[in-house]
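Notes follow once the structure below has been shown.
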């Protein structure tokens, strides 16, 4: 046995009715689409062509929306580029916004490679920021000590929050999609309590907005903020460097280690994994906890490198967008890095559009078009393949 190639008899021996936690039958259309999202689903030229088609349609919809609201499509595209890649400062902003998105996406890749569908990254990002906050607001010390401790606390907080979801699944049979989604709202309410009133992270007078009354934390001390080294003529956010290193390490682990092999074999077939001695509960729980840990680290990047303060909107949909990136990248870490930069560019460019009174919804439509452009081709190709198979069967009959 080499890689994930299994003998045909072994593949066929998996019960057709065996279902995963998502309720998708491996032999049905849902299972085929899930496999297509994890791998190539057609000739490269056809996939690229379909991607370009869907992307052009999506961008056209966004530009038509801009035109219909009285904004020049040319100005919209120009401002998007200027705000994201137009100069060194714009590039720095783009990489800064991309960093937490990439961390969330990398953790999601681990989870999905193991066949687990944790969608609670938004809550795990929130608690990661809270964990980092407990460190930076309570420990006085040099940044070289406080910052690593904050990242450890953030990863532990996010990992434990995700581990609770895994515990519910593997001990009580609770659907992981449902429980992880519900835990998002619990995390948000928990943070609001911590930063409000007499909460341990409430701002007692040193905050920027409504000190002492608003639901917010103090500001992060200057010495505990992530540095931004000047490299290659650019200010490169250290959070982005951390995210890229994490993506490289995860890609290596998934491709070249025994643990990565076990994760992948579990994701391809729990039945085969059980046959060769891979524990679904242990490896699956590890994957879910790891995804939460990476999301928690993303929360630390947000707090120490962007917002510098906890408030109810700290996560800023980073968890949801990171999940979309992993799905659109079909669980490829390299593609996730590229898409994280694209999403970061849309966020940075959208800020410049906002200064020109262009509705942010236009940017959201364009961003959504990128996701649709990446998700639709495998779905359409699978549908076309099944249609050809049905026609072939009818001709044979």
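Residue numbers (the working numbering): 2 to 398.
Every residue gets a Cβ at the ideal spot worked out from N, C-alpha and C, and that includes glycine.
Around the C-beta of residue 204, 16 or more other C-beta atoms lie within 10 Å, and the residue is accordingly described as buried.
Taking one beta carbon from each stretch, the stretch 239-251 and the stretch 295-307 have 3 or more pairs nearer than 8 angstroms; the two touch. For residue 269, the three-state secondary structure derived from DSSP is helix. With contacts defined by Cβ atoms closer than 8 angstroms, residue 134 and residue 296 do not form a contacting pair.
The DSSP-derived three-state label of residue 204 is coil. Annotation for residue 329: 340, 372, 375 and 376 place their beta carbon closer than 7 angstroms to its own, counting only its chain and skipping 5 residues before and after.
In this structure, the beta-carbon distance from residue 289 to residue 158 does not fall below 8 angstroms. As a beta-bridge residue in DSSP terms, residue 235 pairs with 232. For residue 95, the enclosing alpha helix (DSSP H) has its first and last residue at 89-114.
Residue 370 is positioned such that its CB atom lies no closer than 8 angstroms to that of residue 87. In the structure shown, residue 193 falls within a helical segment according to DSSP collapsed to helix, strand and coil.
By the C-beta density criterion, residue 345 is buried, having at least 16 other C-beta atoms within 10 angstroms.
Here the C-alpha atom of residue 130 lies approximately 11 angstroms from the C-alpha atom of residue 202. Between the beta-carbon of residue 299 and that of residue 319 there is about 6 angstroms, and that keeps the pair under the 8 angstroms contact cut.
By the Cβ neighbour-count rule, residue 393 is exposed, with fewer than 16 other Cβ atoms within 10 Å of its own. Ranking 395, 380, 94 and 384 by CA distance to the CA of residue 52 puts 380 first.
The DSSP assignment places 319-329 and 334-356 as complete runs of the alpha helix (DSSP H) inside the stretch 306-373, in order along the chain (cut-off: 4 residues).
If you draw a 10 Å sphere on the C-beta of residue 65, you find fewer than 16 other C-beta atoms in it, and that means exposed.
Here residue 196 really is in contact with residue 312; their C-beta atoms are around 7 angstroms apart, less than 8 angstroms. By the beta-carbon neighbour count (other beta carbons within 10 angstroms, threshold 16), residue 98 is buried. In this structure, residue 310 sits near residue 220, with a CB-CB distance shorter than 8 angstroms. Counting other Cβ atoms within 10 Å of its Cβ, residue 250 stays below 16 and is therefore classed as exposed. The C-beta of residue 389 has fewer than 16 other C-beta atoms within 10 Å across all chains shown, which makes the residue exposed. Setting aside the 5 residues that flank it on each side, residue 326 is surrounded in the same chain by 102, 106, 337, 340, 341 and 344, each with a C-beta closer than 7 angstroms to its C-beta; the list follows chain order. With 16 or more other CB atoms across the displayed protein chains lying within 10 angstroms of its CB, residue 80 is buried. Contact between residue 120 and residue 264 does not hold, since the beta-carbon distance rounds to 18 angstroms and is not under 8 angstroms. For residue 268, the closest of 114, 91 and 123 by C-alpha to C-alpha distance is 114. Excluding its 5 nearest sequence neighbours in each direction, residue 175 has C-beta neighbours in its own chain below 6 angstroms: 169, listed in chain order.
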